[in-house]
Amino acid sequence: MKKFASLAALAAAAATFAVAVPAQAANPEGKFQVKVLATGVLPDGKIDKININLVGLPATSQTTVNDNVVPTLALEYYVTPNVSVETICCFTQHHATGAGVIAGADVAQHLLILPATLTLKYHLNAGAIKPYIGAGPALFFYFNEKPGATAKLLGASTLKMDNKLGLALQAGLDMPLGESGLGISLDAKKYFMKATTHFYTAGGVEALSTTHKLDPWVVSGGVYARF
Numbered sequence: 008m009k010k011f012a013s014l015a016a017l018a019a020a021a022a023t024f025a026v027a028v029p030a031q032a033a034n035p036e037g038k039f040q041v042k043v044l045a046t047g048v049l050p051d052g053k054i055d056k057i058n059i060n061l062v063g064l065p066a067t068s069q070t071t072v073n074d075n076v077v078p079t080l081a082l083e084y085y086v087t088p089n090v091s092v093e094t095i096c097c098f099t100q101h102h103a104t105g106a107g108v109i110a111g112a113d114v115a116q117h118l119l120i121l122p123a124t125l126t127l128k129y130h131l132n133a134g135a136i137k138p139y140i141g142a143g144p145a146l147f148f149y150f151n152e153k154p155g156a157t158a159k160l161l162g163a164s165t166l167k168m169d170n171k172l173g174l175a176l177q178a179g180l181d182m183p184l185g186e187s188g189l190g191i192s193l194d195a196k197k198y199f200m201k202a203t204t205h206f207y208t209a210g211g212v213e214a215l216s217t218t219h220k221l222d223p224w225v226v227s228g229g230v231y232a233r234f
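The structure is reproduced here in structure tokens:
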């Protein structure tokens, strides 16, 4: 219920943005485009490899990472009428929970992620609707990550995660609202991204390290203004 309320609030904010931008200030052929979006971040989180295991974690252990809904700002520059470069700005926060033989275990908390992404996009000519495809590198930065309650019981006092480079594939469409330079945008990205955890004891010993497949879907909807 909370996620639906968040989506509704973000959609209202996007609508306010669309109304607040004067139509005469926008340009449907402009070089720059700004998007305000409501974004669902849907990660996987499965354990791909156990690197260090001083705590005796069962080999069949698994984890899941929760979904999240966040506001996103996208900035885009049109190199040509059909080719553009886009970057996004948002933070998303998650927690990891045990699955399988460790179901319910509180593994990690406050995984604050900045998914720095740069995609090269190609816009197709399809009349009033402007579909596009894109691809590019993504670098996930992790901040203030913490071990969960179960990990603490096993002796983990700190958690660090490696910043990782991966790939993002993208598809979506822009729907102009007449010739105003304003419009509605729908976007989906599939990231191919792994994450490596390092759990340390109070004495600084790395007791557990695991590699996970994050591979999130990131789906967005909102409004844009082109200048």
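Note that the working numbering has the sequence shown beginning at 8, numbered continuously upward.
Every residue, glycine too, gets a C-beta built ideally from N, C-alpha and C.
For Leu160, the enclosing alpha helix (DSSP H) starts and ends at Ala156 to Leu160. Non-local beta-carbon contacts of Val90 in its own chain, meaning distances under 8 Å to residues more than five positions away in sequence, involve Leu127, Lys128, Tyr129 and His130 in chain order. Beta-bridge partners assigned by DSSP to Glu93: Glu83 and Thr126. Contact between Thr46 and Val72 does not hold, since their C-beta atoms are separated by about 16 Å, which reaches or exceeds 8 Å. Contact between the segment 170-186 and the segment 137-154 is established, with three or more Cβ pairs separated by less than 8 Å.
Under the criterion of beta carbons closer than 8 Å, Leu180 and Val230 do not qualify as touching, at roughly 13 Å. In the structure shown, the three-state DSSP call for Val230 is strand. Between Asn170 and Tyr85, the alpha-carbon positions lie close to 29 Å from each other. Within its own chain, the residues whose Cβ lies closer than 8 Å to the Cβ of Cys96, once the five positions on either side in sequence are excluded, are Thr79, Leu80, Ala81 and Leu82, listed in chain order. Straight through space, the alpha carbons of Pro122 and Thr70 are spaced by roughly 21 Å. According to the DSSP assignment, Met200 belongs to no beta strand (DSSP E), since it is labelled neither H nor E.
By DSSP's assignment, Thr217 forms a beta bridge with Ile57 and Thr204. 8 Å or more divides the Cβ of Ala106 from the Cβ of Ala115.
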